[in-house]
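Chains as they are written, first to last, in the numbering used here: chain S, 1 to 178; chain E, 179 to 406.
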């Protein structure tokens with residue numbers, strides 16, 4: 001019984017050419033040695049798997065890049081999606097700012113039923129500074145009344161600065177000619 | 179190594195290694211040719227020793243299969259440097275994975291599977307950047323009756339056309355998808371049987387046959403100028 005003629009007979013003969021492709025002479029003499037040396041050196045045979053970004057057969061970033069590289073349409077869609085994400089984020093952020101600004105009360109917030117004393121009301125700070133001119137400066141912290149801008153707006157004369165808070169007189173230095 | 183312009187090298191036959199090439203040329207049906215699984219005498223013993231960290235035993239296993247593993251990867255990539263790196267990495271990975279080798283298949287099939295998976299992963303990442311670095315043709319190509327018959331009718335300048343033919347053939351192979359290229363490589367170039375290919379590719383024999391048929395059809399179209 002003769003075998004059925006194969007339509008690919010010529011192709012198979014042509015493919016036989018590939019069997020004659022051989023690496024350089026002596027290539028396999030050192031091959032196994034190189035493998036053993038790499039094993040002894042702690043090589044895992046898959047450097048990508050040692051990466052923290054590794055996932056499956058390759059680096060996660062490399063896989064994403066390869067996927068986008070191979071599919072330009074997908075890469076374009078990814079770019080549009082990222083841009084859209086930023087635009088939507090900016091719009092949402094703007095709306096949120098306006099909404100918060102509209103909801104802010106015009107009167108200052110009251111923390112309690114009565115008028116609680118400010119935390120700094122009872123504070124009494126005394127700080128002693130060594131004096132250079134013999135006088136001791138003992139500043140006593142007092143709560144400021146209205147701000148100076150508020151007083152101007154109300155038509156009041158700005159109050160003079162208290163002596164305690166006044167700056168010390170500048171030291172005059174005179175140079176005598178020799 | 180020559181980039182895309184392979185030159186002929188007259189290498190002594192003893193330097194070609196122990197590839198069962200001559201045996202593969204026997205008979206017309208590749209599935210009946212040699213590349214049948216190698217004898218497993220002592221193989222499991224070597225595997226057991228290697229699993230316990232014996233590098234000499236693993237060295238022996240590498241020596242047994244290095245040529246076939248390299249050849250498979252080379253025919254898939256058409257690049258010597260890539261094949262060298264991938265073959266070494268496949269053996270290293272196999273060594274570290276020996277503890278997971280249950281012995282359900284032969285060590286040969288198991289290593290083949292690791293090498294093939296590694297190569298396919300590599301090729302997926304290498305897309306659009308393929309560059310051929312072809313191995314030289316060996317001395318025996320001048321005496322291959324199939325090739326002589328195929329070429330002598332076409333041109334008297336056989337050497338030039340063998341090199342050109344090699345380049346065209348590899349270019350056509352690279353146009354195939356990875357599964358189709360793998361089936362052609364394992365069956366028509368390396369001479370594995372459908373059953374062995376099905377085990378390596380983890381699919382059924384029908385899939386192997388259909389992929390082989392489709393791949394051959396594509397190759398025939400790409401190489402029509404050389405097949406008249």
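For glycine and all other residues, C-beta sits at the position ideal for the given N, C-alpha and C. Note that this is a predicted model, so its numbers are computed, not measured.
| Item | Value |
| --- | --- |
| So is residue 204/E buried or exposed if we call it buried at 16+ other beta carbons inside 10 Å? | Summary for residue 204/E: the model assigns pLDDT 35, below 50, so the residue's position carries little reliability, and this model does not support an answer. |
| Are the beta-carbon atoms belonging to residue 39/S and residue 251/E less than 8 angstroms from one another? | no |
| What in chain S is Cβ-close to residue 244/E, meaning under 7 angstroms? | 28, 31, 32 |
| Can you tell me whether residue 382/E is helix, strand or coil according to DSSP? | coil |
| Name, please, each residue of chain E whose Cβ falls closer than 8 angstroms to the Cβ of residue 44/S. | 270, 271, 274 |
| State yes or no: is the C-beta of residue 268/E within less than 8 angstroms of the C-beta of residue 235/E? | no |
| Please identify the residue among 352/E, 400/E, 394/E whose C-alpha is closest to the C-alpha of residue 12/S. | 394/E |
| What residues from chain E crowd round residue 73/S, counting only those whose CB sits closer than 9 angstroms? | Neighbours of residue 73/S on chain E: none; closest Cβ ~15 angstroms, over 9 angstroms. |
| Closest to residue 309/E by CA distance: which of 254/E, 324/E, 318/E, 343/E is it? | 254/E |
| Taking just the CA atoms, how far does residue 356/E sit from residue 363/E? | 10 angstroms |
| Could you confirm whether any beta carbon from chain E is found closer than 8 angstroms to the beta carbon of residue 61/S? | no |
| To the nearest angstrom, report how far apart residue 361/E and residue 44/S are at their CA atoms. | 28 angstroms |
| Have a look at the DSSP bridge pairing and note the partners of residue 22/S. | 314/E |
| Name the chain E residues that come within less than 8 angstroms of residue 8/S, Cβ to Cβ? | 394, 398 |
| What are the residues that DSSP puts in a beta bridge with residue 257/E? | 311/E |
| With a cut-off of 8 angstroms on the beta carbons, I'd call residue 319/E and residue 340/E a contact; round off their distance for me. | 6 angstroms |
| Using alpha carbons as the reference points, say which of 237/E, 300/E, 368/E, 312/E lies closest to residue 15/S. | 368/E |
| Give the single residue among 26/S, 82/S, 7/S, 152/S whose Cα lies nearest to the Cα of residue 244/E. | 26/S |
| Leaving out five residues on either side along the sequence, give the residues of the same chain with a beta carbon under 8 angstroms from the beta carbon of residue 287/E. | 215, 374, 377, 378 |
| Determine, using beta carbons only, whether residue 318/E comes closer than 8 angstroms to chain S. | yes |
| Are there 16 or more other CB atoms within 10 angstroms of the CB of residue 262/E, so buried, or fewer, so exposed? | buried |
| Suppose the cutoff is 8 angstroms on Cβ atoms and the five residues either side in sequence are ignored; what does the same chain contact list for residue 277/E look like? | 229 |
| Can you grab the Cα-Cα spacing for the pair residue 398/E / residue 259/E, in whole Å? | 28 angstroms |
| Which residues, in chain order, does the stretch 91-104 of chain S contribute to contact with chain E at a C-beta distance below 9 angstroms? | none |
| Check for me: the alpha helix (DSSP H) holding residue 32/S runs from which residue to which? | 31-40 |
| Alpha carbon to alpha carbon, how far is residue 241/E from residue 193/E? Give it in angstroms, no decimals. | Note on residue 193/E: pLDDT 35, under 50, position unreliable in the model; no value is reported. |
| Would you report the Cα separation of residue 300/E and residue 321/E, rounded to the nearest angstrom? | 35 angstroms |
| Can you check whether the CB of residue 354/E is closer than 8 angstroms to the CB of residue 401/E? | no |
| I need the DSSP call for residue 84/S, collapsed to helix, strand or coil. | helix |
| Considering only their Cβ atoms, is the gap separating residue 21/S from residue 313/E smaller than 8 angstroms? | yes |
| Please classify residue 354/E: does DSSP put it in a helix, a strand, or coil? | coil |
| Is residue 397/E helix, strand or coil by DSSP? | helix |
| With a threshold of 8 angstroms between beta-carbons, can residue 372/E be considered close to chain S, or not? | no |
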